[in-house]
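These notes concern the structure reproduced below.
Residue numbers (my numbering): 1 to 138.
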C-alpha cells in the first residue's frame, strides 16, 4: 500500500498555478498573454528598442510610471512583465543620478526605460539620454 500524503492535492481543475487555474482558460486575452511572455530584453541589449519593434508589428505595449526615488522599486517593476518603465522626473524627486542607477539596474530585464525630463529643454533631454534611457517623453 502506498503512503498517502497528509494533505491531498485538490483535483487538477481546482489546483492553482502561476497562470491561473490549471486546466481552465485564462480570463484575459490570449494576445496580451503571449506579449507578456515575450522576452524582448535581447533586443535592448542589441541596441534596438523593443517597444518600437512591438509597435511596428501592431502589438500593444504596457508600461508603468516610476515616481518614487527607489532603484529597488524600479527593478521590481521591470521584472513584472511590463514593456517599458516611464521614469517621471518632472513631478517627482528623481534625479539624473537615480535615473542612471535605474537604467543600470534594469539592464537585461524586459522593461526598457523611458524618461520625462524635469524641464522641456533640449539640453536636459540630452542629459537624460546620456543616462541610457531609450526614449524621452515630453
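By construction, the Cβ of each residue, glycine as well, lies at the ideal position given by its N, Cα and C atoms.
Helix, strand or coil at residue i according to DSSP, with G and I counted as helix
i, result
"residue 115", "strand"
"residue 102", "helix"
"residue 136", "strand"
"residue 53", "helix"
"residue 109", "coil"
"residue 122", "helix"
"residue 64", "strand"
"residue 88", "strand"
"residue 59", "coil"
"residue 94", "coil"
Neighbour-count burial assignment, residue i, 16 or more Cβ in a 10 Å radius
i, result
"residue 107", "exposed"
"residue 84", "buried"
"residue 114", "buried"
"residue 99", "buried"
"residue 65", "exposed"
"residue 110", "buried"
"residue 79", "exposed"
"residue 55", "exposed"
8 Å contact criterion, which residue i and residue j should meet: CB distance rounded
i, j, result
"residue 134", "residue 112", "5 Å"
"residue 127", "residue 96", "6 Å"
"residue 88", "residue 70", "That pair is no contact at about 13 Å."
Cβ-based neighbour list, residue i, same chain, cut-off 6 Å, excluding 5 preceding and 5 following
i, result
"residue 123", "none"
Proximal residues to residue i (C-beta, below 7 Å), its chain only, five neighbours per side dropped
i, result
"residue 61", "51, 54, 55, 83 and 84"
"residue 93", "69"
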